[in-house]
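Undergrad:
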Amino acid sequence: MSEIPAKAMESEDPSNSGRARAAGDLSDARASHGTPASDGTSASPVPARSAAADARDDRDARDDRAARDDRAARDARSARDPRDPDATGFGSEEPRPGEPLWQSKPPGSIYDYIKVASFSIGPDGLVDQWSLRAEQVFGIPAERAVGMDPIEAFIDPDLRAQGQRKMAEILDGREWTGVVPFRVPDDSDEGGRGKDGLAEVYVMPTRTEEGEKAAVCIVVDVRTLRRMETDLAASQAIFGQSPFGFLLIDTDLRVRRANQRFASLFGGTPDDHRGRGVHDYLARPEAERVAATLRRVLESGDSITDMHVTGFLPGSDERRHWSVNLYRVHSGSGRPIGIAWLGIDITARRAAAREAAAARRNLALLNDAGARIGNSLDLETTARELLDVVVPGFCDLATVDLYQGLLAGDETPPGLADGSAELRRVAFSSAVSDAPFVGGGAEVAVGAVHHYPFNSPCADALRTARVQHVPGEDGGLVQSTLAVPMVAHDTVVGLAQFARTKGSEPFGDRDRELAVELAARAAVCIDNARLYRREHERALILQRSLLPPGDPVAAGLDIACRYLPGNSSADRHSEVGGDWFDVIELPGHRTALVVGDVMGRGLRAAVAMGELRSAVRTLALLDLEPAEVLSALDEIARGLGAPGGVQQATRAARRPREADLSEVYLATCVYAVYDSVTRRCTFANAGHLPPVLVEPGEDALMLDVPPGMPLGVGGEPFEEVEVELPEGALLALYTDGLVESRDHPLEEGLQAFVGALTDPTRPLEDVCDHVLNTLDTHHGEDDIALLMARVQGLPADSVGDWTLPREPRSVGRAREFARTRLRSWDLEALADTTELLVSELVTNALRYGEGEIRLRLLLDRTLVCEVWDSGLVQPRRRRARDTDEGGRGLQLVGLLSAAWGSRRTPRGKTVWFELPLPDGETTLTDPAEALLSLF
4 MSEIPAKAME
14 SEDPSNSGRA
24 RAAGDLSDAR
34 ASHGTPASDG
44 TSASPVPARS
54 AAADARDDRD
64 ARDDRAARDD
74 RAARDARSAR
84 DPRDPDATGF
94 GSEEPRPGEP
104 LWQSKPPGSI
114 YDYIKVASFS
124 IGPDGLVDQW
134 SLRAEQVFGI
144 PAERAVGMDP
154 IEAFIDPDLR
164 AQGQRKMAEI
174 LDGREWTGVV
184 PFRVPDDSDE
194 GGRGKDGLAE
204 VYVMPTRTEE
214 GEKAAVCIVV
224 DVRTLRRMET
234 DLAASQAIFG
244 QSPFGFLLID
254 TDLRVRRANQ
264 RFASLFGGTP
274 DDHRGRGVHD
284 YLARPEAERV
294 AATLRRVLES
304 GDSITDMHVT
314 GFLPGSDERR
324 HWSVNLYRVH
334 SGSGRPIGIA
344 WLGIDITARR
354 AAAREAAAAR
364 RNLALLNDAG
374 ARIGNSLDLE
384 TTARELLDVV
394 VPGFCDLATV
404 DLYQGLLAGD
414 ETPPGLADGS
424 AELRRVAFSS
434 AVSDAPFVGG
444 GAEVAVGAVH
454 HYPFNSPCAD
464 ALRTARVQHV
474 PGEDGGLVQS
484 TLAVPMVAHD
494 TVVGLAQFAR
504 TKGSEPFGDR
514 DRELAVELAA
524 RAAVCIDNAR
534 LYRREHERAL
544 ILQRSLLPPG
554 DPVAAGLDIA
564 CRYLPGNSSA
574 DRHSEVGGDW
584 FDVIELPGHR
594 TALVVGDVMG
604 RGLRAAVAMG
614 ELRSAVRTLA
624 LLDLEPAEVL
634 SALDEIARGL
644 GAPGGVQQAT
654 RAARRPREAD
664 LSEVYLATCV
674 YAVYDSVTRR
684 CTFANAGHLP
694 PVLVEPGEDA
704 LMLDVPPGMP
714 LGVGGEPFEE
724 VEVELPEGAL
734 LALYTDGLVE
744 SRDHPLEEGL
754 QAFVGALTDP
764 TRPLEDVCDH
774 VLNTLDTHHG
784 EDDIALLMAR
794 VQGLPADSVG
804 DWTLPREPRS
814 VGRAREFART
824 RLRSWDLEAL
834 ADTTELLVSE
844 LVTNALRYGE
854 GEIRLRLLLD
864 RTLVCEVWDS
874 GLVQPRRRRA
884 RDTDEGGRGL
894 QLVGLLSAAW
904 GSRRTPRGKT
914 VWFELPLPDG
924 ETTLTDPAEA
934 LLSLF
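Residue numbers are given in this note's numbering: position 765 of the sequence shown equals residue 768, and the series is strictly consecutive.
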């Protein structure tokens with residue numbers, strides 16, 4: 004706080020009356036002592052007196068002046084209004100004894116900022132009075148200063164001579180004003196130099212009561228004045244030349260000063276804005292907010308940085324934005340006198356920030372779309388993923404319509420010419436409490452088929468493949484809609500509509516571009532899903548066509564099967580696989596059970612599966628042993644990946660080369676042959692999972708069948724295992740999709756499968772359903788094939804088995820055995836045909852075979868006759884010429900039987916034929932007509 008002396012006396016009164024009294028005393032002193040006037044004249048001189056008299060008179064004069072000043076101060080204080088809190092400069096506070104009285108209450112004074120002190124010089128040229136202000140300016144107490152020679156104490160030695168001359172002139176009665184460099188003595192300074200200063204001194208000659216010449220000195224700190232001049236110039240330059248709007252606002256929140264930049268924006272000159280308030284520049288709600296902030300700054304003193312203010316310039320409808328900094332301004336005494344307002348126009352910056360934020364939002368939305376759209380190869384799911392991305396981040400309501408023909412699997416969606424083809428609404432999303440989509444015609448439910456009128460904006464968007472802007476209806480919820488065609492590979496697959504409700508930001512050019520990009524990305528994913536669906540359906544049709552049609556039927560077995568193709572899971576797109584199963588009827592009421600799995604997925608795996616299945620059926624009809632069937636399949640699998648087939652693959656296998664894994668076909672397979680007469684089953688395994696057997700009253704167990712190498716590897720033989728199956732036993736063959744997934748390891752799945760086969764007596768269909776419901780079969784990662792068979796062997800009375808010696812009589816005995824057994828089976832209608840064919844086969848065995856002859860009749864769904872012998876030569880059917888006496892026996896067998904053939908056995912061969920049972924609809928061939936047809 005600055006110092007403001009009022010009078011160079013021991014007791015100082017800063018009030019107006021005190022200053023007037025001091026001025027009056029000074030005038031009286033000048034008049035009585037003849038002080039020189041301002042024009043240089045002086046009063047008459049005073050006669051000389053003795054030194055003792057002068058000292059006594061000086062002392063008495065000082066005492067009288069002190070008493071007079073005390074009375075004047077009391078009179079001035081009593082004259083003031085006692086209700087005025089600023090009457091003494093401190094309100095109700097009284098100054099402490101010995102302290103100066105400072106002005107700190109409004110109105111302010113220049114003395115709040117500069118330092119002014121006073122002291123008096125006696126006739127002897129020494130300091131005789133030293134004010135409290137002088138103590139603070141010079142830092143010397145009164146008891147030390149009184150009696151000092153001011154020239155010797157404060158003036159530099161080089162200037163003392165000039166100072167003594169000036170002092171003599173002053174004591175001679177002349178006024179003097181000038182700038183004097185001075186030095187404050189400092190005892191603590193070892194060099195004795197002290198502190199330097201610069202003071203502007205105003206010396207007024209006076210006379211003592213005794214009439215002696217003296218002087219009163221008023222001292223002002225020049226450096227403080229120079230600093231004030233510099234600060235004032237700097238503030239003027241900053242305020243006037245600032246490129247920002249600058250205001251000084253008083254405590255009544257009125258503009259006291261505005262710079263030229265502010266006036267150039269809001270019109271007029273800076274003086275025109277004096278006295279205005281924030282309501283003159285801003286709309287009422289914004290003005291109220293800003294006024295409240297100004298009051299808070301004025302009351303608390305807390306600065307406000309980067310406060311955003313919105314308004315309009317005069318004569319402009321463009322909304323402007325300013326960043327305003329506010330801080331409280333104080334007087335030199337620390338009293339708040341107003342608020343400084345520094346405003347920067349940030350409209351362009353705000354626009355750029357909005358553009359940058361919109362660009363970042365769009366990039367984030369596109370990034371989100373890339374991560375979330377297309378995770379499923381399903382049309383409807385992909386459409387819903389698009390809406391999950393855009394609502395509510397981009398719009399408030401959205402729909403997706405796809406061409407009905409595309410969903411039905413048509414190669415090219417119809418109606419691209421006029422845009423009025425049928426569409427199906429596959430997805431809808433709303434961020435407004437599931438509000439209906441209005442503004443685009445009648446409401447359409449999800450799943451409904453509809454079409455847009457020819458002249459509608461949506462039909463135009465479909466027809467031209469360009470975005471159309473559809474304004475909202477009056478009184479409706481929607482503000483505007485973007486109808487965006489979904490284009491993939493230059494083909495429009497559907498229409499996406501993005502709508503924003505009233506009150507939202509309208510769609511701009513950037514939004515249109517973003518909508519096109521989002522719709523294009525979704526369209527490509529939808530088109531990919533369409534292509535995948537088409538390929539998957541074709542592969543599935545191919546695969547199902549290669550599987551057994553309907554429910555397989557086998558002699559001595561109750562069969563149930565299940566096939567579940569892989570489907571699209573949540574995080575993986577599965578394709579059709581190469582799993583297959585088959586039930587093949589073999590001669591002699593035997594059945595081949597096959598389950599296999601081609602490694603890989605897609606059409607290649609399905610085609611390979613079809614080839615292997617056809618090969619298995621062909622090899623099975625040759626009546627080969629299971630190990631021989633798998634060996635032949637292994638050769639075929641190796642030939643699938645070679646251009647020249649099996650022979651080329653065999654030759655190439657002999658040459659060292661790098662295998663092309665893309666052309667390698669590997670498969671696992673288990674092949675079993677069941678004989679319903681003996682209830683024995685022979686297994687051979689090529690890298691497949693082991694069969695599971697459940698015997699009545701026992702727990703399920705996995706059969707120990709040597710796994711062998713997968714088909715297509717080659718070089719390793721396959722082993723056979725023969726197992727006798729008890730009556731009522733349950734046999735299960737399966738693929739790995741049933742027992743293995745990413746969430747369930749193989750061992751865990753096998754144990755769960757074995758544990759699910761707890762009640763083999765239930766119907767097989769129920770057992771299959773129970774297994775599929777118990778295990779995790781909905782993972783969709785792989786195909787699932789399950790083949791289950793319950794053993795139901797032929798009863799003993801349905802089998803006729805005889806051994807015949809190698810003699811001609813055996814032919815007659817064979818006919819007799821056959822007729823007798825057919826009679827017991829009530830099949831006399833087949834007796835003649837059976838006797839004729841049995842006689843032919845036994846005769847061939849006698850003529851061309853070796854060892855004992857065995858005759859066996861089997862009755863199940865058909866009648867089967869088998870003739871066994873130890874010869875290895877297979878009978879070969881040939882066409883006899885008209886002149887040949889023999890060679891027509893096998894032709895006769897072929898004419899009269901439903902099927903016939905021969906197969907090798909471990910001890911020779913078996914020749915067999917099969918006759919259908921009479922059911923009233925089947926017409927049997929007359930043997931006589933058959934014989935005549937041979938000639």
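We put the beta carbon where it would ideally sit given N, CA and C, even for glycine.
1. In or out: residue 146 buried (at least 16 other Cβ within 10 Å) or exposed?
2. What distance in whole Å lies between the Cβ atoms of residue 129 and residue 159, which are believed to be in contact at a cut-off of 8 Å?
3. Tell me whether the beta-carbon of residue 368 lies closer than 9 Å to the beta-carbon of residue 545.
4. Looking only at its chain, what residues have a beta carbon closer than 6 Å to the beta carbon of residue 460, apart from the 5 residues adjacent to it on each side?
5. Please list the terminal residues of the continuous beta strand (DSSP E) segment that includes residue 259.
6. Report all residues from its chain with a CB closer than 6 Å to the CB of residue 913; omit the five preceding and five following residues, and keep chain order.
7. Short of 7 Å in beta carbon distance, which residues of its chain neighbour residue 237, apart from the five on each side in sequence? Order them along the chain.
8. Kindly list the residues whose CB is nearer than 7 Å to the CB of residue 2, restricted to its own chain and excluding five residues on each side of it in sequence; keep chain order.
9. Identify which residue in 525, 592, 181 and 373 has its Cα closest to the Cα of residue 492.
10. The alpha helix (DSSP H) spanning residue 823 covers which residue range?
11. Can you tell me whether residue 869 is helix, strand or coil according to DSSP?
12. Spatial neighbours of residue 323 within its chain, please: C-beta separation below 8 Å, excluding the five flanking residues on both sides.
13. For residue 795, which option in 812, 617 and 734 has the closest C-alpha, if you only look at C-alpha atoms?
14. Need the endpoints of the alpha helix (DSSP H) that residue 774 sits in, please.
15. Which runs of the alpha helix (DSSP H), 4 residues or longer, sit entirely within the segment 501-589?
16. For the segment 331-344 and the segment 295-302, state whether three or more C-beta atom pairs, one from each stretch, are separated by less than 8 Å.
17. For residue 426, I'd like the list of residues in its chain whose CB is within less than 8 Å of its CB, leaving aside the five on either flank, ordered along the chain.
18. Pick from 171, 777 and 330: whose alpha carbon is nearest that of residue 306?
19. Between residue 289 and the rest of its own chain, which residues show a CB-CB distance below 7 Å, the 5 nearest in sequence each way excluded?
20. What residues in its chain sit with their C-beta under 7 Å from that of residue 144, if we drop five residues either side in the sequence?
21. If the criterion is Cβ atoms closer than 9 Å, does the pair residue 681 and residue 727 meet it?
22. So, helix, strand or coil for residue 316, using DSSP?
23. Roughly how many whole angstroms lie between the Cα atoms of residue 432 and residue 387?
24. CA-CA distance, residue 224 and residue 360?
25. On the CB-based measure, 16 or more other CB atoms within 10 Å of its CB, does residue 621 come out buried or exposed?
26. With DSSP run on the structure shown, which of helix, strand or coil describes residue 244?
27. Taking the Cβ atom as the reference point for each residue, do residue 628 and residue 676 lie within a distance shorter than 9 Å?
28. Tell me which residues share the same chain as residue 945 and place their Cβ nearer than 8 Å to its Cβ, disregarding the 5 neighbours each side in the sequence.
29. CB-CB under 6 Å to residue 921, same chain, minus the five flanking residues each way: which ones, in chain order?
30. Tell me where the alpha helix (DSSP H) around residue 467 begins and ends.
31. Among residues of its own chain, excluding the 5 on either side of residue 703, which ones have a beta-carbon nearer than 6 Å to its beta-carbon?
32. Is residue 434 closer than 9 Å to residue 392 when the C-beta atoms are compared?
33. Evaluate the contact criterion for the segment 745-755 versus the segment 711-718: three or more CB pairs, one atom per stretch, below 8 Å.
34. What does DSSP give as the partner residues of residue 939 in its beta bridges?
35. For the segment 838-850 against the segment 809-816, do three or more pairs of beta-carbon atoms, one drawn from each stretch, fall closer than 8 Å, so that the two count as touching?
36. Pick out whichever of 173, 563, 422 and 136 has its Cα sitting closest to the Cα of residue 119.
TA: In brief:
1. exposed
2. The pair is not a contact, with the Cβ atoms about 19 Å apart (cut-off 8 Å).
3. no
4. 471, 473 and 486
5. 258-261
6. 869, 871 and 906
7. none
8. A question about residue 2 goes unanswered here, because the residues of the chain that appear run from 4 up to 938.
9. 525
10. 812-827
11. strand
12. 313, 314, 315, 316, 348 and 350
13. 734
14. 767-777
15. 512-549
16. yes
17. 404, 405, 406, 407, 452, 453, 454, 455, 497 and 498
18. 330
19. 312, 313 and 314
20. 138
21. yes
22. coil
23. 8 Å
24. 58 Å
25. exposed
26. helix
27. yes
28. Given a span of 4 to 938 for the chain in the structure shown, any question on residue 945 remains unanswerable.
29. 832
30. 460-467
31. 695, 697, 757 and 760
32. no
33. no
34. Only positions 4 to 938 of the chain appear in this structure, which leaves residue 939 out of reach.
35. yes
36. 136
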